[in-house]
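Residue numbers (mature numbering (1 follows the signal peptide of the UniProt record, and there is no 0)): -20 to -1, 1 to 150.
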């Protein structure tokens, strides 16, 4: 999943560059891998492909990218997706969804905690601080990981983020 982190970091950098005038380009990563990206000015969606020795990794990010969470997981009821980022690579997939919900942070996180436990995840981190609730865990059987963070704002709307990384059998 190291590559997923690199691709995700590159994708975030590309999203920030969306404010500029370039809508596509190519570059070489620090590891010497070839990469290309496109930014759709109308939708704000960013996509990127990196080709290397291990195969091809792709990233797709934007508010309209379809959310496809692993089996057993659903968005918190009534959530509004702010952005969805999906990273596919030869050994797995990573998903990061940023969202808003009209419920307290603890209720939002409880929704994902229950789903994670039902899906076989061992919750190893639970933290509440300054209005932010966070959990993190893993499922050792397939080396999957989950992190959920939610913060209740001053207007009582909650912003949150769920990150799930799954490995492909192989």
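Glycine included, every Cβ here is placed at the ideal spot set by N, Cα and C.
Here the structure is a predicted model, which means the values were calculated and not measured.
Option in the options with minimal Cα separation from residue i
i, options, result
"residue 44", "74, 14, 79, 56", "79"
"residue 134", "110, 98, 87", "110"
"residue 5", "104, 28, 121", "28"
"residue 153", "74, 119, 106", "Because the chain is modelled from -20 through 150, residue 153 falls outside the range shown and cannot be assessed."
"residue 11", "18, 17, 31", "31"
"residue 57", "38, 26, 82", "82"
"residue 42", "61, 50, 55", "61"
"residue 68", "87, 108, 48", "48"
"residue 136", "101, 122, 87", "87"
"residue 142", "120, 91, 104, 14", "91"
Counterpart residues of residue i in DSSP-defined beta bridges
i, result
"residue 81", "138"
"residue 16", "6, 29"
"residue 68", "38, 73"
"residue 103", "117"
Supposed close pair residue i, residue j - CB separation, criterion 8 Å
i, j, result
"residue 132", "residue 84", "5 Å"
"residue 148", "residue 71", "6 Å"
DSSP-derived helix/strand/coil call for residue i
i, result
"residue 45", "coil"
"residue 96", "helix"
"residue 87", "helix"
"residue 123", "coil"
"residue 39", "strand"
"residue 147", "strand"
"residue 54", "coil"
"residue 21", "coil"
"residue 111", "coil"
"residue 11", "coil"
Residue i to residue j span [Cα, whole Å]
i, j, result
"residue 76", "residue 35", "22 Å"
"residue 97", "residue 118", "10 Å"
"residue 144", "residue 126", "5 Å"
"residue 116", "residue 89", "10 Å"
"residue 53", "residue 128", "12 Å"
"residue 95", "residue 124", "14 Å"
"residue 33", "residue 73", "18 Å"
Min CB distance residue i to chain B below 8 Å
i, result
"residue 118", "Of the protein chains in this structure there is only one, and it is not chain B."
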